[in-house]
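Sequential numbering of the sequence shown, starting at 1, is according to our numbering. Note that CB positions come from ideal geometry on N, CA and C, so glycine has one too. To keep things clear, I will list the structure first and then write my remarks on it.
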Amino acid sequence: MKIAVLKESGGEPRVAAIPETVKKFVGLGASVVIEAGAGQGAAISDADFEAAGASLASRADALTGADFILGINGPEPASLAGARSGTRLVAALDPFRRRSDIEAYSAAGLEALAMEWMPRITRAQSMDILSSQSNLAGYKAVVDGASLYGRAFPMMMTAAGTVSPARVFVMGVGVAGLQAIATAKRLGAQVSATDVRSATKEQIQSLGAKPIFVENAAGIEGEGQGGYAGETSEEYRRAQAELVSGHLAKQDIVVTTALIPGKPAPRLISDQQIASMRPGSVIVDLAASAGGNVEGTVDGQTVERHGVKIVGASNLAATLASDASALFARNLFNFLSAYWDKEQGGPVLPDEDEIVKAIRVTHGGRIVSERLAA
């Protein structure tokens, strides 16, 4: 069983294996081949990988005869020349927005497994790359917001007077939102948060933040499909916009995290609402790559509107490349090792398994994902 780990392209500093997971794969009987320089962006040297039992190779040699290709992001199909039909590609593939790449993987006979489609079930928690990376993104969103804010976060009582604590508002209370709340609280801010899912109110309160919820219109009960929020009624959206408008004007830092899988990010903050905020305030939009929750967000850039800085936070987890790589690599190992068959010498992925069905996008030269077909 040969596992190939490729160097990411496009400036992505993370890597899909770390010495710890290499050692574990080798312990299971696999051979691990790392493309030379793959760990450089995450502060992992080629020597570190070799010491863990991996071999170093060029991309072409790494791909030759590989049974599994591990990546952070799905590679450009042209860069996988030399991979044999039937090789399994395990990475974040962004199938909805990269449909042409999915079709190319299928045409090449690759079995593409989209790790971001891991179902939110108990036995898959340790395999969930979205949760591990979102956790880091929520933390970094607050840290970046604090660095741009230009004022202190905690209350400070000094002989020269009192400094008021920063007010932080988190919109969207998934994994990233919860970590943003926790981080802002640790830094001493006054924190409030909102979500369309009623079940998150207790989670917000458990972290010591104030829940801001619409009371006169029904939101979404429970967690929504796959742990994500769905779309709300027009009545709810109007009521929420009115509530949020009054609250936003008093906030110093806002973190938005709302996403709906397969659809553009919902618009949470309008230009008019931005104008109501005081100059010097900061908005960190974690949904920038999906179109943004904030009017005027530019993916990957920080822009200013009405004196308010808007951070189009793109791939924040990658700015913590060492930790992000470690968590991502463990997610991949946990997935593959859960299906490891000693007699077969590698993972066996049953067709009817709940996890396999959820993440398998291409198989046998066809696109087999029901989500993508829908």
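Proximity to residue i [Cα-Cα], best of the options
i, options, result
"Ala47", "Ser314, Pro19, Ser106", "Pro19"
"Val26", "Ile3, Gly41, Gly10, Gly177", "Ile3"
"Gly150", "Ile181, Pro350, Lys309, Ala313", "Lys309"
"Gly188", "Pro165, Ala180, Val22, Arg197", "Pro165"
"Gly296", "Leu243, Ser322, Lys201, Gln273", "Gln273"
"Gly280", "Ala83, Ala182, Arg167", "Arg167"
"Gln203", "Val173, Leu70, Gln190, Val255", "Val173"
"Glu116", "Ile359, Ser369, Ala30", "Ile359"
"Lys263", "Leu243, Gly291, Val284, Val244", "Gly291"
"Asn293", "Ser314, Gln179, Thr21", "Ser314"
"Leu93", "Pro77, Leu248, Ala30, Ala108", "Pro77"
"Asp351", "Phe335, Asp341, Gly345, Val368", "Val368"
"Glu215", "Gly145, Ala209, Val298, Tyr236", "Tyr236"
"Ile253", "Gly145, Ala43, Val244, Ala91", "Gly145"
"Glu50", "Val163, Ala36, Ala42, Ser245", "Ala36"
"Ala17", "Ile283, Leu70, Ser131, Ser45", "Leu70"
Cross-strand partners of residue i (DSSP beta bridge)
i, result
"Leu70", "Val5, Val90"
"Leu349", "None; Leu349 has no bridge partner."
"Lys210", "Ser192"
"Glu111", "Arg88"
"Val168", "Val191, Ile253"
"Thr158", "Gly161"
"Asp341", "Gly346"
"Thr362", "Ile367"
"Ser55", "Val33"
"Val15", "Per DSSP, none; premise fails for Val15."
Start and end residues, alpha helix (DSSP H) containing residue i
i, result
"Lys309", "Taken as a continuous stretch (DSSP letters only), Lys309 belongs to no alpha helix (DSSP H), being part of the beta strand (DSSP E) at 308-312."
"Arg59", "59-63"
"Ala374", "It is not in any alpha helix (DSSP H) - Ala374 carries neither H nor E in the DSSP assignment."
"Glu202", "200-206"
"Val143", "129-149"
"Phe25", "19-27"
"Ile177", "Looking at the sequence provided, one finds Gly at residue 177 rather than Ile. Counting along the chain, the alpha helix (DSSP H) containing Gly177 begins and ends at 175-186."
"Ile274", "271-276"
"Ala47", "46-51"
Residue i versus residue j: straight-line alpha-carbon distance, rounded
i, j, result
"Gly365", "Ala152", "56 Å"
"Ala374", "Tyr339", "28 Å"
"Leu110", "Met1", "16 Å"
"Ala112", "Pro75", "11 Å"
"Ser337", "Pro347", "7 Å"
"Leu327", "Lys24", "15 Å"
"Lys140", "Ala318", "10 Å"
"His363", "Ala57", "27 Å"
"Val32", "Val361", "24 Å"
"Ile102", "Phe68", "17 Å"
"Gln225", "Asp195", "Confidence at Gln225 is low in this model, with a pLDDT of 49, below 50, so its placement is unreliable and the value that follows should be read with caution. The alpha-carbon atoms of Gln225 and Asp195 are separated by roughly 15 Å."
"Glu343", "Thr200", "45 Å"
"Gly227", "Ala329", "Confidence is the limiting factor: at Gly227 the pLDDT is only 49, short of 50, which leaves the residue's position unreliable, though a coordinate-based value still follows. The alpha-carbon atoms of Gly227 and Ala329 are separated by roughly 23 Å."
"Leu349", "Lys357", "9 Å"
"Val104", "Ala60", "A quick correction: the sequence has Ala, not Val, at residue 104. C-alpha separation (whole angstroms): 18 Å."
"Leu268", "Ala176", "16 Å"
"Ser100", "Ser106", "10 Å"
"Val142", "Gln251", "14 Å"
"Leu376", "Ser79", "With the chain covering only 1 through 374, there is no way to say anything about residue 376."
"Gly29", "Ala182", "41 Å"
"Ser276", "Leu248", "7 Å"
"Gly39", "Leu332", "16 Å"
Range of the contiguous beta strand (DSSP E) that encloses residue i
i, result
"Val163", "161-163"
"Ala326", "Ala326 -> not in any beta strand (DSSP E); alpha helix (DSSP H) instead, spanning 321-338."
"Asp285", "282-285"
"Gln251", "Element bounds for Gln251: n/a, residue is neither H nor E."
"Asp304", "Reading off the sequence shown, one finds Glu at residue 304, where the question assumed Asp. Run containing Glu304: 302-305, per the beta strand (DSSP E) assignment."
"Glu35", "31-35"
Buried versus exposed, by CB contacts within 10 Å (16 or more), residue i
i, result
"Gln205", "exposed"
"Arg278", "exposed"
"Leu6", "buried"
"Gln125", "exposed"
"Gly222", "In this prediction, Gly222 scores a pLDDT of 44, lower than 50, which makes its location untrustworthy; no coordinate-derived value is stated."
"Gln133", "buried"
Chain C contact for residue i (CB, 8 Å cutoff)
i, result
"Met156", "This model lacks chain C altogether, as it is built from one protein chain only."
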